[in-house]
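Residue numbers (my numbering), protein chains in the order written: chain A, 1 to 137; chain B, 1001 to 1129. The structure appears below as structure tokens.
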């Protein structure tokens, strides 16, 4: 018998957790959509990025870097581990559901993505591991 | 560093502190090209280090680029960047990577929270040039 589906965390609690773990976050909660901007600096040598996370209630989050504009390694045409529109692909199916806190999953994973992005810019090699799919629609 | 180079009786002299009679730069007096090579290297490394000091907060890619410029023809900088990326992935896979409130990644659990296991998904890693 399959386990029961996870109970979704309400967006007010999601937002409170984001502010607790990342006090510099700004955002708003309107109806069934949480939008927050979080500044992340993965290492002291790294740039500080502003990341926007949009989370509709009981759905998957949409994560994009809004500042600075992301660059490509010379000779490449797309960023690694992104969806169309340069939305970050941070987890594989089953690794996230609406019963998990953004602050403990998506935001740390985003900082990790940014560190590997900077190394990829330098070397052209993605060292963060992960699973890739063949095509990009 | 150039301040340690003395002139004694018209000759370049850098004293060996363990053997004061020994001159580390005795060959500079016979082969001026060697002294010029040192001066050029010193200017270059000084520029590199000053540039590095100013790269704080500009991105790991800027640090790598600055070091590669300072050590042309060497694969060591690129190899170090590769190794660093692999190490970060490994500590995360070992559930030892934490994140602080600034988003800073660390292996220290002090004032930081453990990063839960996950795998990046999405488009295939683009080919490098």
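Every residue, glycine too, gets a C-beta built ideally from N, C-alpha and C. No experiment lies behind these values; they were computed from the predicted model shown.
- Within 8 Å of the CB of residue 46 of chain A, the CB atoms of chain B belong to 1057, 1059, 1060, in sequence order along the chain.
- Between the alpha carbons of residue 87 of chain A and residue 1040 of chain B lies a gap of roughly 47 Å.
- For the pair residue 108 of chain A and residue 73 of chain A, the Cα-to-Cα distance works out to about 23 Å.
- Nearest to residue 1084 of chain B by C-alpha distance, out of B:1063, B:1121, B:1034, B:1117, is B:1063.
- Burial is judged here by how many other beta carbons sit within 10 angstroms of a residue's own beta carbon; residue 60 of chain A has fewer than 16 and is exposed.
- DSSP links residue 83 of chain A through a beta bridge to A:87.
- The shortest C-alpha to C-alpha distance from residue 19 of chain A to any of A:125, A:4, A:35, A:5 is the one to A:35.
- Judged by beta-carbon spacing, residue 1055 of chain B lies beyond the 8 Å limit of residue 1048 of chain B, meaning their Cβ atoms are not closer than that value.
- Closest in alpha carbon position to residue 1111 of chain B, among A:21, A:78, A:111, is A:21.
- Look at residue 1020 of chain B here: in three-state DSSP terms it is strand.
- The alpha-carbon of residue 1036 of chain B is positioned some 16 Å away from that of residue 1004 of chain B.
- Around residue 41 of chain A, the beta-carbon contacts reaching into chain B at under 7 Å are 1102, 1103, 1104.
- Here residue 27 of chain A is bridged, per DSSP, to A:36.
- By DSSP's assignment, residue 1060 of chain B forms no beta bridge with any residue.
- For residue 1003 of chain B, the closest Cβ of chain A is not nearer than 8 Å.
- DSSP places residue 131 of chain A in the coil class of the three-state scheme, outside both helix and strand.
- Residue 1050 of chain B carries a helical assignment under DSSP once its states are collapsed to helix, strand and coil.
- Under the three-state reduction of DSSP, residue 118 of chain A is assigned to helix.
- DSSP, reduced to helix, strand and coil, places residue 49 of chain A within a strand of the structure shown.
- Here DSSP, grouped into helix, strand and coil, assigns residue 1006 of chain B to strand.
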